[in-house]
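Written out below as structure tokens is the structure these notes cover.
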Ligand SMILES: Nc1ncnc2c1ncn2[C@@H]1O[C@H](COP(=O)(O)OP(=O)(O)OP(=O)(O)O)[C@@H](O)[C@H]1O
Ligand SMILES: [Mg+2]
Ligand SMILES: [Zn+2]
């Protein structure tokens with residue numbers, strides 16, 4: 038599913054339209070595979086999925102899934118790695134619902150702390166909690182040790 | 004209920020109130036005793052070695068008429084036999100009126116505060132926070148020099164030193180001009196510098212202590228640890244270039260104060276101890292009135 042190096046901009050057209058399901062659009066370029074990971078699609082290929090990466094006119098990725106709507110937890114996770122994504126529900130080939138993901142201001146138990154010496158990375162009965170801020174990029178501030186995760190957030194998803 | 008977890012949780016007003024209270028309590032810290040906390044019990048839980056911090060909390064509580072219990076030797080206590088910190092805190096907070104905690108993991112004190120039914124005071128969590136050290140540093144600067152708009156050089160390990168990180172943040176509340184003096188390997192992390200700049204603090208960064216020593220009011224030295232360097236010769240050359248001697252102090256301001264969180268390694272020549280600029284032992288003593296102020300605040 039790698040984008041072709043010659044940079045056709047008709048890639049979207051070459052994907053078969055879905056009847057019912059979800060289109061996740063405006064994914065931050067490069068994050069499509071992480072979106073699939075969040076949806077658990079990397080390990081079990083039940084759904085028919087198409088991925089369009091690096092759509093050349095506006096830098097973005099798109100994921101289209103036949104026959105599936107997303108759970109709120111999944112949408113929250115997508116927001117962390119791709120805060121401008123939109124979730125489009127398709128019924129009978131048409132977009133019947135569209136909403137932008139919402140970046141929560143706090144998360145608990147969704148991401149583990151990058152700091153190996155953080156108390157949340159021990160056997161203590163405590164869930165990692167982060168305060169989220171968004172400037173140029175999304176930043177997660179650990180409420181325990183204070184460390185900030187900004188790059189590769191997907192790698193820390195629980 | 005008020006916990007003391009990080010200095011960032013405190014506003015300038017709140018810090019001022021603690022420092023004022025410490026100042027009132029200083030005579031008691033020297034020689035006196037008070038019954039302000041009589042009948043109260045402080046639990047000190049040190050999962051890592053500490054002499055100064057532990058002793059000064061002990062003394063502070065006793066000067067205020069209170070009692071102290073501790074974990075005993077870490078080797079024999081249940082902590083090492085596998086009880087987690089959360090359970091230990093749940094149990095101990097039933098025995099004591101406040102808990103002082105030092106723990107090797109960052110964020111331990113914050114977590115402890117969630118499990119505790121009494122105030123938790125962070126006495127150092129790994130490479131994280133040590134707010135009572137910061138408060139005693141501020142008290143020292145205020146008492147021995149001036150805190151507002153201080154010109155202060157932070158010298159040595161600005162990368163790993165938690166003392167420096169918390170202090171720099173606190174100084175930014177007091178419109179300080181901060182001179183960051185460190186070898187390349189030990190520069191203050193960009194994220195932290197960014198935070199200081201955003202808060203409007205003036206920062207000057209240099210590797211050469213001679214650039215700043217004659218213009219500052221406060222010289223705050225930190226320990227430069229061997230482990231931070233790939234080889235001994237590099238370490239020795241860095242330590243050598245930052246060492247404070249009588250000679251280095253030749254042209255400094257009259258009112259310069261030299262601080263160090265102690266223990267020192269080779270950063271200050273003992274010949275400097277007798278100089279009027281050397282206040283690091285008094286700084287260490289100020290830990291007592293400042294911790295008295297904190298204890299009376301959280302249990303008062
Ligand atoms: N039946 C379908 N099968 C596959 N993809 C579809 C289908 N219907 C719409 N899409 C895709 O879903 C996304 C949203 O569709 P929509 O028609 O709302 O586009 P749009 O007007 O460009 O929306 P936006 O303003 O959010 O970019 C687009 O990427 C579109 O190509
Ligand atoms: Mg569009
Ligand atoms: Zn953390």
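Chains as they are written, first to last, in our numbering: chain A, 38 to 195; chain B, 4 to 303.
Virtual Cβ for every residue (Gly too), placed ideally from N, Cα, C.
Inset, instruction - Specify the secondary structure class of residue 95 (chain B) as computed by DSSP and reduced to three states. - result: Three-state DSSP puts residue 95 (chain B) in a helix.
Legend entry - residue 164 (chain A) in three-state terms, based on DSSP: Of the three classes helix, strand and coil, the one that applies to residue 164 (chain A) here is coil, per DSSP.
Legend entry - CB contact flag (residue 18 (chain B), residue 138 (chain B), <8 Å): It is a contact, given that the beta carbons lie within the stated cut-off.
Inset, instruction - Take the Cβ of residue 181 (chain A) as the centre, count every other Cβ of all protein chains shown within 10 Å, and call the residue buried at 16 or more, exposed below. - result: It is buried - the Cβ of residue 181 (chain A) has at least 16 other Cβ atoms within 10 Å.
Inset, instruction - Check each residue of the segment 160 to 193 of chain A: if its Cβ is closer than 8 Å to any Cβ of chain B, include it; give the result in chain order. - result: Within the segment 160 to 193 of chain A, the qualifying residues are 160, 161, 162, 163, 179, 180, 181, 182, 183, 184, 185.
Legend entry - Proximity test, residue 62 (chain A) beta-carbon vs ligand 2 heavy atom, cut-off 7 Å: Result yes, Cβ under 7 Å from ligand 2.
Legend entry - beta strand (DSSP E) runs contained entirely in the segment 128 to 183 of chain A, provided each spans 3 or more residues: If we require 3 residues or more, the beta strand (DSSP E) runs fully inside the segment 128 to 183 of chain A come out as 131 to 137, 143 to 145, 166 to 171, 175 to 179.
Legend entry - Three or more C-beta pairs below 8 Å linking the segment 89 to 105 of chain A and the segment 131 to 147 of chain A: Counting C-beta pairs closer than 8 Å gives fewer than three between the segment 89 to 105 of chain A and the segment 131 to 147 of chain A, which falls short of the contact rule.
Legend entry - Nearest-angstrom Cα separation, counted from residue 68 (chain B) out to residue 61 (chain B): When rounded, the distance between both Cα atoms is 11 Å.
Legend entry - Close-in-space but distant-in-sequence residues of the same chain around residue 294 (chain B) (CB under 7 Å, 5 per side omitted): Excluding sequence neighbours, residue 294 (chain B) sits near 59, 60, 63, 135.
Legend entry - Three-state secondary structure assigned by DSSP to residue 116 (chain A): Residue 116 (chain A): helix per DSSP, three-state reduction.
Inset, instruction - Could you pull out every residue in the same chain whose Cβ sits closer than 7 Å to the Cβ of residue 238 (chain B), ignoring the five residues on either side in sequence? - result: Counting only Cβ-Cβ distances below 7 Å, and skipping sequence neighbours, we find 229, 232.
Legend entry - residue 88 (chain A) to residue 74 (chain A) span [Cα, whole Å]: Cα to Cα, residue 88 (chain A) sits roughly 12 Å from residue 74 (chain A).
Inset, instruction - For residue 49 (chain A), name the three-state secondary structure that DSSP assigns. - result: With a pLDDT of 47 at residue 49 (chain A), under the threshold of 50, the modelled position of that residue is not reliable, and the figure given next carries that caveat. Residue state for residue 49 (chain A) is assigned as helix, using DSSP reduced to three classes.
Inset, instruction - Look at the alpha carbon of residue 300 (chain B) and the alpha carbon of residue 198 (chain B), and state the distance between them as a whole number of angstroms. - result: Linking residue 300 (chain B) to residue 198 (chain B) through their CA atoms gives a straight-line distance of about 29 Å.
Inset, instruction - Let me have the residue list for ligand 3: C-beta closer than 6 Å to any non-hydrogen atom, ordered along the chain. - result: Residues flagged by the Cβ proximity filter: A:150, A:152, A:155, A:157, A:179, A:181, A:182, A:184, B:110.
Legend entry - Interface residues of the segment 83 to 117 of chain B facing chain A [CB-CB below 7 Å]: Cβ contacts with chain A come from 87, 88, 89, 108, 109, 110, 111, 113, 114.
Legend entry - Residues sharing a beta bridge with residue 319 (chain B), DSSP: Outside the shown range of chain B, which is 4 to 303, sits residue 319 (chain B), and nothing can be said about it.
Legend entry - Contact set for residue 208 (chain B): own chain, Cβ-Cβ below 6 Å, skip 5 residues either direction: Result list for residue 208 (chain B): 183, in chain order.
Inset, instruction - For chain B, find out if any of its Cβ atoms is closer than 8 Å to the Cβ of residue 195 (chain A); answer yes or no. - result: No - not a single Cβ of chain B is within 8 Å of the one on residue 195 (chain A).
Legend entry - Proximity below 8 Å, CB of residue 162 (chain B) to CB of residue 196 (chain B): Residue 162 (chain B) places its beta carbon 8 Å or farther from that of residue 196 (chain B).
Inset, instruction - Spell out whether any CB of chain B is found under 8 Å from the CB atom of residue 157 (chain A). - result: Yes - at least one Cβ of chain B is within 8 Å of the one on residue 157 (chain A).
Legend entry - Short Cβ contact (8 Å threshold) for residue 103 (chain B) with residue 156 (chain B): Cβ distance not < 8 Å, so residue 103 (chain B) and residue 156 (chain B) don't count as in contact.
Inset, instruction - Measure from the C-beta of residue 283 (chain B) to each C-beta in chain A and report whether the shortest distance is under 8 Å. - result: Residue 283 (chain B) does not count as touching chain A.
Inset, instruction - Kindly examine ligand 1 and report whether one of its heavy atoms sits closer than 7 Å to the Cβ of residue 130 (chain A). - result: Yes; taking the cut-off as 7 Å, the Cβ of residue 130 (chain A) has a heavy atom of ligand 1 nearer than that.
Legend entry - Outcome for residue 235 (chain B) when other beta-carbon atoms lying within 10 angstroms are tallied against a minimum of 16: So residue 235 (chain B) ends up on the exposed side.
Inset, instruction - Check whether the Cβ of residue 96 (chain A) sits closer than 7 Å to any heavy atom of ligand 1, and report yes or no. - result: Answer for residue 96 (chain A): no, Cβ out of range of ligand 1.
Inset, instruction - Taking only heavy atoms of ligand 1 into account, decide whether any of them is closer than 7 Å to the Cβ of residue 59 (chain A). - result: No.
Inset, instruction - Buried or exposed for residue 125 (chain A), please, with buried defined as at least 16 other CB atoms from any protein chain shown within 10 angstroms of its CB. - result: That one is buried.
Legend entry - Which of helix, strand or coil DSSP assigns to residue 58 (chain A): The three-state secondary structure of residue 58 (chain A), taken from DSSP, is strand.
Legend entry - residue 123 (chain A): CB within 7 Å of a non-hydrogen atom of ligand 1: Yes, Cβ of residue 123 (chain A) sits closer than 7 Å to a heavy atom of ligand 1.
Inset, instruction - May I ask you to report which of helix, strand or coil DSSP gives residue 41 (chain A)? - result: With a pLDDT of 42 at residue 41 (chain A), under the threshold of 50, the modelled position of that residue is not reliable, and the figure given next carries that caveat. The answer is coil: DSSP assigns residue 41 (chain A) none of H, G, I, E or B.
Legend entry - C-alpha distance - residue 45 (chain A) paired with residue 105 (chain A), whole-angstrom precision: For residue 45 (chain A), the predicted structure reports a pLDDT of 44, less than 50, and the residue's modelled location is therefore unreliable. A value from the coordinates is still provided. Taking the straight line from one Cα to the other gives about 29 Å.
Legend entry - Any beta strand (DSSP E) of 3 or more consecutive residues that is wholly inside the segment 110 to 180 of chain B: Complete beta strand (DSSP E) runs here, min 3: 123 to 128, 154 to 158.
Inset, instruction - Identify each residue in the segment 120 to 154 of chain B for which the Cβ-Cβ distance to at least one residue of chain A is less than 8 Å, and report them in chain order. - result: Correct list: 128, 129, 130, 131, 132.
Inset, instruction - Determine the DSSP secondary structure at residue 6 (chain B), reduced to helix, strand or coil. - result: If DSSP states are grouped into helix, strand and coil, residue 6 (chain B) belongs with coil.
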